[in-house]
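*Asks:*
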Amino acid sequence: MFAEWLLLILQILYTLSTVGLAIYSLNALWLVWQARCAQPQPTPPAPAAWPAVTVQLPLYNERHVAERLIEACARLDYPADRLEIQVLDDSDDATAPLIDSCVQRWQQAGRDVHVVRRAARTGYKAGALAHALPAARGEFIAIFDADFLPPPDFLRATIPHFCTDDGGDLAFVQARWEHLNRNYSPLTRGQALALDGHFAIEQAGRQAAGYMLGFNGSAGVWRRAAIEDPAVGGWQQDTLCEDLDLSYRAQLAGWRARYCNELEAPAEIPPQLAAYKRQQFRWAKGSIQTLRKLGGQVGRSARPPGQRIAGLIHLASYLVHPLLLLLLLVIPPILLLGGEPISPIPLVGLTSLGPPLLYAAGQLRLHRNRWLQNWLHLPLLTLLGLGVCLNNTHAVWQGWSTRGGEFQRTPKFRVQHAGEGWRTSTYRLPIDRIMLGELLLAGYSLFAAYLIAERAGWFSALFMLLYAASFAAVIGVTLWQNRPVRQPTAPAAAPLTGYLVKMTQRPVQWGSSELIHDAQLASLERIENNGETEHRTAGRVHVDRKAGGHHRARQPEQSKLYP
C-alpha cells in the first residue's frame, strides 16, 4: 500500500515538472511571437537644455577593469558641467589606489569625478547605490558595473527619452548588453547566445506586449524621482537582485520602463565556468527573493490578467532548474516501483522548441549575417543549462528561505581575445563544493538512462544521457580550468642584479597618499612634463609631460595582460 502511494506521489511530481517545463517553453515561444512586433526606439530630439546626470560606478575589488571603466565614463560625450561621476568603491585590495590615481588624473583634466567610500560594505551593491544617492547632484542616474565599456554617446542616446512630452512618467531606460569577449572561448560564445536571446527577444517581446520589464542592473539610466518616490521605496537590500526588485516596484507604483534594443553597451562575459555559476546563483536567488517579495503585489495589481501572469512567469523563470532536477530525480524510483515505462522524449517535442527558437530569433535580429554560426553553439548552451541545475536549485532554495544574503561578485579579468589568460589572477575562483553533488548526479543520470533503456530502448534514454553529459561537461571544464598553473622558472641572477630585483619587490609607501605597493603587482613610474603621457610596464617609465615642471610618483603596475 505504501509503495502504491509513493508511486502515485512520484508520478504527480513527474507530471508537475513536465507541465512546468512546458509552460516555460511555451512562454519562450510566446515572447518570440510578441517580439516580431517590437519597434525600434529611435533617439528623440535633443532637449533644449541637457539635464544634470550622475553616473554611478559600484566597484568592489576590480583592479583589472576599474580604470578602464572610469576612463570610459570620463570620456562620455555630455556637457561637462552637467555630468558627475561617482565611483562607489567598497574595495579592500589593490583596487583602491588604482581608483584614486585614475580619479585624480581626471579631476586634473577638469572632470567632476570623485570617490565615495563607506565604513562598511553594508547592503553590498544596493547599499552602495543608496548611500551615494543623497550626495548625487544629477536629475538622472546612470549605472555601470565594473566590466562595462559604455560608448561615448550613451547619455546623449538615453536622456532624450525622458525629455519628450510623454516621457514624464518614464522611470528607467535599459540598453542592450553587447559582449567584449564573445569569441574568447566556446564558454563565452554560449553565454553570449543566451544573453542575446534575453535582450533581443525576451526584453523586446515583453515591451512589445506591454508587460513589465526588469532593469538589468547596468547599462541603464534611472530618473532619480522614480527611485526616491515614496511609493517605490528606493534601493532595498532584502534581495540579491536589487535591480529587478526596484524596477518592479517602480512599475507597480505607476512608472513606465523602456528597453532600447538599438542602444548597446559592451561588457565582459565570465571566462571561468565557476564565475558563470556564481553569477547564475546570484541571479537565481535574487529573482526568487523578488518573486517571494512582490509576487503577491503583481498578482493583485490592477493590470490586465495577461500582464500579471507574464510578470509572475518572469519572476519565476529560474524555477525551471528545480523542475529539471526534479524530473531527473523521480524517474528511477518510478521505474523501480513498477511504474509504466516513462519516456522524457516528449519534452524534446513541440513544447521544447521554445528556447531554441528564441535563441535563433535573437541571432536573426542582432546578427543576421552570422546568425547560424552563433546559433550553432546551442548544444553547448544546453549542456550549461542542464549542468548548472543543481547549482541554481540550491540558489532557488535559498531564495525561498532567506532574505538578502552575501552579494558574491562575479570576478572580471579583462580578457577579450583568445590567448589572453586569466588563470594567474588572484580573482580566479576555486572549485566549489557543489561539484561533488554534480558528480553524484552524473552517475545517477547514467543509472536512470540504464533503467529507461532496459525497458524502452536506448532512444528513450537519450534525455537522461544528456543530463549525464551536462554534469560531466561542467565537472570536466571546472577541473581543467582549475588545473595547477605552471610558473616559469627564471634564470639565476647575478648577485647585484638579484639584490636590485629583491629591492623592487619590497612593499613601498609613497608620500601623503600612502599608496601601498601590492605584493602581486609590479611598480610603475610616472613623470610629468609638458603635457604628454606615456605608459610603460615595470622597469620602464610612465611619463606625463605638462608645462610647469616635473612630478614623479609611483603607482601599482598593470600587467601586459591587464593594461
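Residue numbers (our numbering): 1025 to 1587. Cβ atoms here follow ideal geometry from the backbone N, Cα and C, with glycine treated the same way. All values derive from a computational prediction rather than experimental measurement.
1) Per DSSP, which residues does residue 1284 bridge with? Please list them.
2) Does the distance from the CB of residue 1109 to the CB of residue 1098 come in under 8 Å?
3) Mind checking which residues open and close the beta strand (DSSP E) that includes residue 1047?
4) According to DSSP, simplified to helix, strand and coil, what is residue 1400?
5) Taking the alpha-carbon positions, what's the residue 1311 to residue 1405 distance?
6) By a C-beta neighbour count over all protein chains shown, 10 Å radius and 16 as the cutoff for buried, is residue 1216 buried or exposed?
7) If you count every other CB in all the chains shown that lies within 10 Å of the CB of residue 1259, and 16 or more means buried, which is it?
8) Quick check on residue 1543: buried or exposed, where buried means 16 or more other Cβ atoms within 10 Å of its Cβ?
9) Are the region 1217 to 1233 and the region 1053 to 1072 touching, with three or more C-beta to C-beta distances below 8 Å?
10) So residue 1100 and residue 1168 are supposed to be a Cβ contact under 8 Å. How far apart are they, rounded?
11) Would you decide whether residue 1025 is buried or exposed? Buried here means 16 or more other CB atoms lie within 10 Å of its CB.
12) Once DSSP output is grouped into helix, strand and coil, what is the label at residue 1279?
13) Express the C-alpha separation of residue 1050 and residue 1295 in angstroms, rounding to a whole number.
14) When DSSP labels each residue in this structure, what does residue 1324 get in the three-state scheme?
15) Report the partner residues of residue 1472 according to the DSSP bridge assignment.
16) Helix, strand or coil: how does DSSP classify residue 1067 here?
17) Taking residue 1470 as the reference, give the member of 1455, 1489, 1456 and 1461 with the closest Cα.
18) Which partner residues of residue 1109 appear in the DSSP bridge assignment?
19) Just verifying my parser: in three-state terms, what is the DSSP assignment at residue 1123?
20) Can you tell me the Cβ-Cβ gap for residue 1223 and residue 1281, rounded? I've got them flagged as a contact below 8 Å.
21) Using the DSSP secondary-structure output, state which residues sit across from residue 1167 in a beta bridge.
22) Tell me whether residue 1254 sits in a helix, a strand or coil according to DSSP, three-state version.
23) Here's a check: name, in chain order, each residue in its chain whose Cβ is nearer than 7 Å to the Cβ of residue 1588, leaving out the five neighbours to either side.
24) What does DSSP give as the partner residue(s) for residue 1018 in the beta ladder?
25) On the DSSP bridge list, what partners appear for residue 1305?
26) Quick check: residue 1123 and residue 1206, are their CB atoms within less than 8 Å of each other?
27) Would you mind reading off the limits of the alpha helix (DSSP H) that contains residue 1349?
28) For the ligand HEM, any of its heavy atoms closer than 7 Å to the Cβ of residue 1498?
29) Run through the DSSP bridge pairs and tell me what residue 1390 is partnered with.
30) Are the beta-carbon atoms of residue 1487 and residue 1411 separated by less than 8 Å?
31) Quick check on residue 1437: does DSSP put it in helix, strand or coil?
32) I think residue 1130 touches residue 1106, with their Cβ atoms under 8 Å apart; what is that distance to the nearest whole Å?
33) Using three-state DSSP, classify residue 1194 as helix, strand or coil.
34) Using 8 Å as the threshold, is the C-beta distance between residue 1227 and residue 1309 below it?
35) Considering Cα atoms alone, identify which of 1356, 1439 and 1448 is closest to residue 1031.
36) Would a C-beta distance cut-off of 8 Å place residue 1353 and residue 1291 closer than the cut-off?
*Replies:* This is what the structure holds:
1) In the DSSP assignment, the residues bridged to residue 1284 are 1199.
2) yes
3) Careful: residue 1047 lies outside any beta strand (DSSP E), inside the alpha helix (DSSP H) at 1026 to 1059.
4) Coil.
5) 21 Å
6) buried
7) buried
8) Its pLDDT being 35, under 50, residue 1543 is placed unreliably in this model, and the value from its coordinates should be taken loosely. With fewer than 16 Cβ atoms within 10 Å of its Cβ, residue 1543 is classed as exposed.
9) Taking a cut-off of 8 Å on C-beta distances, the region 1217 to 1233 touches the region 1053 to 1072, as three or more cross pairs fall below it.
10) About 10 Å; that fails the 8 Å criterion.
11) exposed
12) Residue 1279: coil per DSSP, three-state reduction.
13) 31 Å
14) helix
15) The partner list for residue 1472 (beta bridge, DSSP) is empty, contrary to what the question assumes.
16) Coil.
17) Comparing Cα positions, the closest option is 1489.
18) 1079 and 1137
19) Here residue 1123 carries a helix assignment [DSSP, helix/strand/coil].
20) Residue 1223 to residue 1281, Cβ: 14 Å. No contact.
21) Answer is 1080 and 1244.
22) Correct three-state label for residue 1254: coil.
23) Absent from the structure is residue 1588, since the part of the chain shown begins at 1025 and ends at 1587.
24) Not covered by the structure: residue 1018. The range shown for the chain is 1025 to 1587.
25) In the DSSP output, where bridge partners are listed per residue, residue 1305 has none listed.
26) No.
27) Run containing residue 1349: 1344 to 1360, per the alpha helix (DSSP H) assignment.
28) Here there are no bound small molecules, and the ligand HEM is not part of this structure.
29) DSSP lists no partner for residue 1390.
30) no
31) Residue 1437: coil per DSSP, three-state reduction.
32) Not a contact, Cβ separation roughly 16 Å.
33) strand
34) no
35) Of the listed residues, the one whose Cα sits closest to residue 1031 is 1356.
36) no
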